[in-house]
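Residues 1 to 351 (full-length UniProt numbering) make up the sequence shown, in order.
Here's the structure we're looking at; comments come further down.
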Amino acid sequence: MPLGDDCHAWKKKTTDVKENYDFKEILGTGAFSEVVLAEEKRTQKLVAIKCIPKKALEGKENSIENEIAVLHKIKHANIVSLEEIFESKSHLYLVMQLVSGGELFDRIIEKGFYTEKDASKLIQQILDAVKYLHDMGIVHRDLKPENLLYYSMDEDSKIMISDFGLSKIEGSGSVMSTACGTPGYVAPEVLAQKPYSKAVDCWSIGVIAYILLCGYPPFYDENDAKLFEQILKAEYEFDSPYWDDISDSAKDFIVHLMEKDPNIRYTCEQALQHPWIAGDTALDKNIHESVSAQIKKNFAKSKWKQAFNATAVFLPSELFACCEGGCSQNVDGGADPLSNCTYRCHPTSRV
């Protein structure tokens, strides 16, 4: 799919985006962009606008065009949407759907009651959205809890996938083999420097499901090299007592997603048919106390906030030889200027 010409066609030229939107407050800032809460003057609709100085885009145009192409192509109930794009002489403005329900971990901690069934429903929504992406030929490549946000503060709010800074359209001209993602969530084949496929997203969903059921990550080490070694070997456990009250069905579901061999790893379609998702094997027992305690202990809140809306983390080249021109750059054109930060969120030890 050609990117450049199409992307330019989507952009609306403007001398001042504030002719269309009232800027309310800054929601976040980063090295390359600022995100503001804004109200569309014509409809009074609230949106989030990413304001990106063009100077920050120099040398990274392909990366931006790729992300915009992906966002413009997708429309799903569980994916944060791109509404429109404005371009001025000095800035690029991405008008995004406003998602106001807060972060995944925060909401779990705030609950007084949380069960396997709740986790199953969350994972089902994520699988539905990622299956949609995969059917569209799109690989997210950076699925993690920080990129999962609640649409609203309603108790039954849906979950939304955000941040497509590392996403890739399959068959768009290059084989995926860039070592990128977020430590702890990347699939073994990514670290093994092998060409990889959409199966990397399914691995990440398995890691997320694991955390949702116990509150700590399946892989942990302060040292990146040792962490990656664990992932390469797919070495993880269902530790007692944290997993004692979790169903065998849930564990079986995770094992099929966190399968080292991507050729036999569950696809999203297969995962959606698993009894833990499609059946009634997810337990109703309240696991809130143990899970929320572990989340508080293992994922420091300050780190969640620093990691909020983060996109690309390019895995350090000193740990292994990287392909496609080095780990510090994306094959699609460099470190992503849309990211609010490139903070690597290592959980603290649960000991």
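For glycine and all other residues, C-beta sits at the position ideal for the given N, C-alpha and C.
In the pairwise beta carbon analysis, the region 233-250 is classified as not touching the region 90-102: fewer than three pairs are separated by under 8 Å. With contacts defined as CB atoms closer than 8 Å, Leu37 and Glu19 fail to qualify as a contacting pair. DSSP, read as helix, strand or coil, puts Gln97 in strand. Rounded to the nearest angstrom, the Cβ distance from Tyr114 to Cys51 is 37 Å, too far for a contact under 8 Å. A distance below 6 Å between beta-carbons, with the five flanking residues on each side excluded, links Glu189 to the following residues of its chain, in chain order: Tyr196 and Pro262.
By the Cβ-count criterion, Met153 is exposed, with fewer than 16 other Cβ atoms from all chains shown falling within 10 Å of its own Cβ. A straight-line Cα-Cα distance of about 8 Å links Phe32 and Leu57.
Within the same chain, and ignoring the five residues on either side of His288 in sequence, the residues whose Cβ sits closer than 7 Å to its Cβ are Lys111, Gly112, Phe113 and Tyr114. Scanning the region 111-181 for uninterrupted alpha helix (DSSP H) segments of 4 residues or longer gives 116-135, listed from N- to C-terminal end. Per DSSP, reduced to three states, the secondary structure at Asp261 is coil, with no helix or strand assignment.
A residue is called buried once 16 or more other Cβ atoms fall within 10 Å of its Cβ, and Asp118 is buried on that count.
The beta carbons of Ala234 and Ala282 sit no closer together than 8 Å. Counting of Cβ neighbours within 10 angstroms places Ser204 among the buried residues, the total reaching 16 or more.
Taken through DSSP and simplified to helix, strand or coil, Leu232 comes out as helix. Phe23 sits in a strand when the DSSP states are folded into three classes. Taking C-alpha positions only, Glu259 is separated from Gly28 by approximately 37 Å. For Glu61, the enclosing alpha helix (DSSP H) has its first and last residue at Glu61 to Lys73. Glu289: member of the alpha helix (DSSP H) spanning His288 to Asn298, first to last residue.
Looking at the backbone, the Cα of Cys214 and that of Phe253 are separated by about 14 Å. The residue among Glu170, Arg42, Val35 and Leu212 with its C-alpha nearest the C-alpha of Ala48 is Val35. Bridge partners of Phe86 according to DSSP: Lys12 and Tyr93. Rounded to the nearest angstrom, the Cβ distance from Leu232 to Ala192 is 6 Å, consistent with a contact under 8 Å.
For Leu272, the CB contacts under 8 Å within the same chain, skipping 5 residues up- and downstream, are Gln124, Leu127, Asp128, Lys131 and Ala278 in chain order. A Cβ-Cβ distance of about 14 Å is found for the pair Phe164 and His134, leaving them out of contact under the 8 Å criterion. Comparing C-alpha distances from Ser88 to each of Lys12, Ala187 and Glu170 shows the shortest one belongs to Lys12. Counting the other Cβ atoms within 10 Å of the Cβ of Gly30 gives 16 or more, which makes it buried. Cβ contact annotation for Thr15 (same chain, cutoff 7 Å, sequence separation greater than five): Ser88, in chain order.
CA-to-CA, the gap between Ser292 and Arg42 works out to about 43 Å.
For Ile64 and Glu83, the gap between their C-alpha atoms comes out near 16 Å.
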